[in-house]
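Chemist: Below: one structure in structure tokens.
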Amino acid sequence: MGQIRYIAISSDDTERLARFYKEVFGFRQSRPTPEGRKTIYLTDGHVELAILENTNQQNSNGLHHFGIQTDDVEDAISRIEKLQPGKTIARTESGCPEGTWLSDASGNHIYLSVDGKLEYQPVEKYAYRKKN
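Taking the working numbering, I'd label the letters of the sequence shown as residues -15 to 116.
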């Protein structure tokens, strides 16, 4: 069974949007902001919310993509291809990679992986940090 591990939202004011999620829903920072970036990572304790800087308006503000963790990427891709005849998802020569980008039936971008895109697993590891 797949699990949503993170959601990425584009914003032209990451600090304002992060403040909203912290103050309204009690989200807390899950990991430090990368040096020189405005991206902010928050968590509710189960799922990470990545607020991506969109200062050049390269995307519309709002949902950018989300990440789903699964036990078997190849099996998930096969189910997608069966559900959507004619849709083929690229595979590497050595079989399916541990992670791959794809789109759902409405065109929403998904990063599908076994271990999650993030360097740490699970996000709960950071859930009990002191609030900033």
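C-beta atoms are modelled at their ideal positions from N, C-alpha and C, and glycine is treated no differently. On a predicted model such as this, the values are computed, not experimentally measured, just so you know.
(1) Is it right to say Gln(-13) is buried, meaning 16 or more other beta carbons lie within 10 angstroms of its own, or is it exposed?
(2) Quick one: using the 10 Å Cβ neighbour count with 16 as the cut-off for buried, is Thr27 buried or exposed?
(3) According to DSSP, is His49 helix, strand or coil?
(4) Does the Cβ of Ser(-5) lie closer than 6 Å to at least one heavy atom of the ligand ADP?
(5) Whole-angstrom Cβ separation of Gly46 and Ser(-6), contact assumed at under 8 Å?
(6) Could you tell me the boundaries of the beta strand (DSSP E) in which Ile64 lies?
(7) Measure the C-alpha to C-alpha separation of Pro16 and Glu37 and round it to an integer number of angstroms.
(8) Determine the direct distance from the alpha carbon of Gly83 to that of Asp55, and round the result to whole angstroms.
(9) Contact defined as beta carbons within less than 8 Å: I believe Arg(-11) pairs with Ile52. What is the distance between those atoms, to the nearest angstrom?
(10) Tell me which same chain residues have a C-beta within less than 8 Å of the C-beta of Val98, skipping the five on either side of it?
(11) Kindly indicate which residue of Ser44, Gln68 and Tyr5 has the alpha-carbon position closest to the one of Val31.
Modeler: Well, looking at it:
(1) exposed
(2) buried
(3) strand
(4) Of ligands this structure carries none, so the ligand ADP is not represented either.
(5) 6 Å
(6) No beta strand (DSSP E) contains Ile64, which is instead part of the alpha helix (DSSP H) from Val57 to Leu67.
(7) Put simply, the backbone Cα of Pro16 is about 15 Å away from that of Glu37.
(8) 11 Å
(9) 7 Å
(10) Gln53, Thr54, Asp55, Asp56, Val57, Glu82 and Gly83
(11) Tyr5
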